[in-house]
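J.:
In the numbering used here, the protein residues as written are 15 to 540.
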């Protein structure tokens, strides 16, 4: 086989290899720990994934002599996303973690986490995928316990540990069922069968896909197993950025990998649609009641992961891929920039709130309606076919309406022409990115489901109305009562925590007493 045909495979394997090289150098360092070598290997991983992305974009993919590794059109995109976040987090950690103990272990676990995440993307073997999935969770567990003296951090890590093991057992059971059905562990062979068949799944195959869906729901911190994600903000900010930006979206990666099988299992689709749909609604509304920037970002991640899973369940894998990449960069930036976000949030809270008038709402609906009519005319003229699901168009339309109606609220003082141009640009960018992403994916036969479309559309409409009431009608007593219940998180995590501790009790460290610490310091001075 010519060397240039092996180049994508070599470049792909170099990404986790660079992180492992940085890990080895970190652990073998006998002198004072330095961030230079991990940053150099992280930069090499970034450059390698960038070259792979350009190569696949120009030359396409080729067959691999190694059955356990598979380079698709999607692989370079996700690898590049992981590598960028890894390099940025490593750079950020040098200053942020300065003076902290156990820096060597922190850096080592961080690099192992990104190496394992890269292997999840590259693997073409069911067992290798499972091992890499487990490795990501175990290495991240060590990072979440970087401050073992913090009770909330220990509790969050304990709950995540239990939920992660349940997810891994679900994956293992699903993979065993698929192996028994097909006699192979190679993912591309198994998915190739489902991509070429039009027959319905048998009971065992449906059970396998439902188990995969369950594992993905747990991995993406969907209700009611979301509490650990909210509480891990006790971990250092670089860990939160790595978790929310490059790790938690592995569930979406798995659903994209198993898209041909997922498209044939209506039971698994409805499990995801119901759980993720309710998570979108509840998490987004709870997020609006939070004051802490990091906690708001954590609730946002739970809602965004729910939206990504819903997109997969509707067969809109191109949107799920875009969502995965955009969310990774946005959320990593959000956590790393959380210090500046505090100032921005205070400025927004101190600004004069001007609720949109009825006329502004009507004008916003009219402008968005006109933009959509123009879009339909243009796409039909170009011969572009719209997909059957309208729920994502409902979300886009309501988002643009909110953008236009609130143009004079808070710190935003923008004229209607400028805001309309911005809305037009967002719509054009959405369409361009959507169809560009669609061209990279292998088509999966996904039948249109009117009830699924109606369910998700209802979720988005209720979220829009509830968001309006929460922001502009909080003076009403019944809205205040609902907001108070949302502030408590509907006590979902409390129930989950009690069940977790009943199954596996955990002794928590004593909370540090600030008065006692000050008293001891004063006594030592005397």
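Glycine is no exception: its CB is placed at the ideal position from the N, C-alpha and C atoms.
#1: Can you have a look at residue 429 and say buried or exposed, based on whether 16 or more other CB atoms are within 10 angstroms of its CB?
#2: In angstroms, rounded to a whole number, what distance separates the CA positions of residue 342 and residue 499?
#3: Can you give me the C-alpha to C-alpha distance between residue 415 and residue 440, rounded to a whole angstrom?
#4: Can you find the residues in the same chain that come closer than 7 Å, C-beta to C-beta, to residue 181, ignoring five residues on each side of it along the sequence?
#5: Tell me the rounded alpha-carbon separation between residue 405 and residue 411.
#6: Tell me which residues share the same chain as residue 523 and place their Cβ nearer than 8 Å to its Cβ, disregarding the 5 neighbours each side in the sequence.
#7: What did DSSP end up calling residue 240 once you bin it into helix, strand or coil?
#8: Rounded to a whole number of angstroms, what is the C-alpha to C-alpha distance between residue 469 and residue 320?
#9: CA-CA distance, residue 116 and residue 255?
#10: Assuming contact is defined by CB atoms lying nearer than 8 Å, are residue 380 and residue 419 in contact in what I supplied?
#11: Whole angstroms is fine: what's the gap from residue 10's alpha carbon to residue 491's?
#12: Could you please give me the residues that DSSP links to residue 137 through a beta bridge?
#13: Just the Cα atoms here: how many angstroms apart are residue 544 and residue 214?
#14: Between residue 323 and residue 448, is the Cβ-Cβ spacing less than 8 Å?
#15: Between the C-alpha atoms of residue 7 and residue 383, what's the straight-line distance to the nearest angstrom?
#16: Would you be able to state if there are at least three C-beta pairs under 8 Å between the region 145 to 160 and the region 123 to 137?
#17: Determine the closest residue to residue 138 out of 69, 103, 158 and 200, with distance taken between C-alpha atoms.
#18: Starting from the Cα of residue 252, find the closest Cα among 309, 111, 390 and 220 and give me that residue.
#19: Report the option in 140, 247, 296 and 227 whose CA atom is closest to the CA atom of residue 203.
#20: Using a Cβ-Cβ cut-off of 7 Å (strictly less than) and excluding sequence neighbours within five positions of residue 22, which residues of its own chain qualify?
#21: Output the boundary residues of the alpha helix (DSSP H) element that contains residue 182.
#22: Which word fits residue 392, buried or exposed, when buried means at least 16 other C-beta atoms lie within 10 angstroms of its C-beta?
#23: CB residue 144 to CB residue 185, shorter than 8 Å?
#24: For residue 494, collect the residues of the same chain with a Cβ closer than 8 Å to its Cβ; drop the 5 residues on either side in sequence, then sort them by chain order.
#25: How about residue 480 and residue 299: do their beta carbons lie closer than 8 Å?
#26: According to DSSP, residue 200 sits in a beta bridge with which residue or residues?
#27: Determine whether the Cβ of residue 436 lies closer than 8 Å to any Cβ atom of chain B.
#28: Is it true that the CB of residue 59 sits closer than 8 Å to the CB of residue 1?
#29: When we look at the beta-carbon of residue 520 and count the other beta-carbons within 10 Å, is it buried (16 or more) or exposed?
#30: Please determine if the region 309 to 318 and the region 213 to 227 are in contact, where contact requires at least 3 C-beta pairs separated by less than 8 Å.
#31: Below 8 Å between beta carbons: does that hold for residue 173 and residue 242?
#32: Which stretch, first to last residue, makes up the alpha helix (DSSP H) that contains residue 448?
#33: Where residue 178 and residue 435 are concerned, what is the direct C-alpha to C-alpha distance, given to the nearest angstrom?
#34: Beta carbon of residue 291, beta carbon of residue 506: below 8 Å?
T.: The structure says:
#1: For this step, residue 429 is matched to residue 415 along the chain shown. Exposed is the call here.
#2: As a first step, residue 342 is located in the chain shown; it is residue number 328 there, counting from the start. As a first step, residue 499 is located in the chain shown; it is residue number 485 there, counting from the start. Computed Cα separation, rounded: 30 Å.
#3: Position 401 of the chain shown, counted from the start, is the residue given in the question as residue 415. Position 426 of the chain shown, counted from the start, is the residue given in the question as residue 440. The alpha-carbon atoms of residue 415 and residue 440 are separated by roughly 12 Å.
#4: Within the chain shown, the letter at position 167 stands for residue 181. Same-chain partners within the cutoff: 229, 232 and 233.
#5: Residue 405 sits at position 391 when you count from the first residue of the chain shown. Residue 411 sits at position 397 when you count from the first residue of the chain shown. Taking the straight line from one Cα to the other gives about 10 Å.
#6: Against the chain shown, residue 523 aligns to sequence position 509. 162, 163, 164, 165 and 168.
#7: Working through the chain shown from its first residue, we reach residue 240 at position 226. Coil.
#8: In the chain shown, residue 469 corresponds to position 455, counting from 1. In the chain shown, residue 320 corresponds to position 306, counting from 1. Approximately 14 Å, taken between the alpha carbons.
#9: Taking the first residue of the chain shown as position 1, residue 116 is located at position 102. Taking the first residue of the chain shown as position 1, residue 255 is located at position 241. Going by the C-alpha atoms only, they are around 19 Å apart.
#10: Here residue 380 corresponds to residue number 366 of the chain shown, with the count starting at 1. Here residue 419 corresponds to residue number 405 of the chain shown, with the count starting at 1. Taking 8 Å as the Cβ cut-off, residue 380 and residue 419 do not qualify as a contacting pair.
#11: In the structure as shown, the chain starts at 15 and stops at 540, and residue 10 therefore has no counterpart that could be examined.
#12: For the purposes of this step, residue 137 is taken as the residue at position 123 of the chain shown. Answer is 83, bridged to residue 137.
#13: No answer is possible for residue 544: it lies beyond the span of the chain, which begins at 15 and ends at 540.
#14: Along the chain shown, one-based indexing puts residue 323 at 309. Along the chain shown, one-based indexing puts residue 448 at 434. Cβ atoms of residue 323 and residue 448: not closer than 8 Å.
#15: With the chain represented from 15 up to 540, any question about residue 7 goes unanswered, as that position is not in the structure.
#16: yes
#17: If you number the chain shown from 1, residue 138 lands on position 124. Comparing Cα positions, the closest option is 200.
#18: Position 238 of the chain shown, counted from the start, is the residue given in the question as residue 252. Residue 252 has its Cα closest to that of 111, out of 309, 111, 390 and 220.
#19: Within the chain shown, numbered from 1, the residue matching residue 203 stands at position 189. Nearest of 140, 247, 296 and 227 to residue 203, Cα basis: 140.
#20: As a first step, residue 22 is located in the chain shown; it is residue number 8 there, counting from the start. So the list reads 66, 69, 70, 75, 76 and 85, once near-sequence residues are dropped.
#21: Within the chain shown, residue 182 is the residue found at index 168, counting from 1. 165 to 196 is the span of the alpha helix (DSSP H), which, as asked, contains residue 182.
#22: The count along the chain shown starts at 1 and reaches residue 392 at position 378. Exposed, since its Cβ has fewer than 16 Cβ neighbours within 10 Å.
#23: Taking the first residue of the chain shown as position 1, residue 144 is located at position 130. Taking the first residue of the chain shown as position 1, residue 185 is located at position 171. Result yes, Cβ atoms of residue 144 and residue 185 sit closer than 8 Å.
#24: Taking the first residue of the chain shown as position 1, residue 494 is located at position 480. Answer for residue 494: 488, listed in chain order.
#25: Position 466 of the chain shown holds residue 480. Position 285 of the chain shown holds residue 299. Result yes, Cβ atoms of residue 480 and residue 299 sit closer than 8 Å.
#26: To locate residue 200, count along the chain shown from 1; it is residue 186. In the DSSP output, where bridge partners are listed per residue, residue 200 has 139.
#27: No chain B appears in the structure shown, which is made up of a single protein chain.
#28: No answer is possible for residue 1: it lies beyond the span of the chain, which begins at 15 and ends at 540.
#29: Sequence index remark: in the chain shown, residue 520 carries index 506 (1-based). Exposed is the call here.
#30: no
#31: Taking the first residue of the chain shown as position 1, residue 173 is located at position 159. Taking the first residue of the chain shown as position 1, residue 242 is located at position 228. Closer than 8 Å, so yes.
#32: In the chain shown, residue 448 corresponds to position 434, counting from 1. 430 to 452 is the span of the alpha helix (DSSP H), which, as asked, contains residue 448.
#33: Against the chain shown, residue 178 aligns to sequence position 164. Against the chain shown, residue 435 aligns to sequence position 421. Taking the straight line joining both Cα atoms gives about 45 Å.
#34: Locating residue 291 in the chain shown gives position 277, where the first residue counts as 1. Locating residue 506 in the chain shown gives position 492, where the first residue counts as 1. Result no, Cβ atoms of residue 291 and residue 506 do not sit closer than 8 Å.
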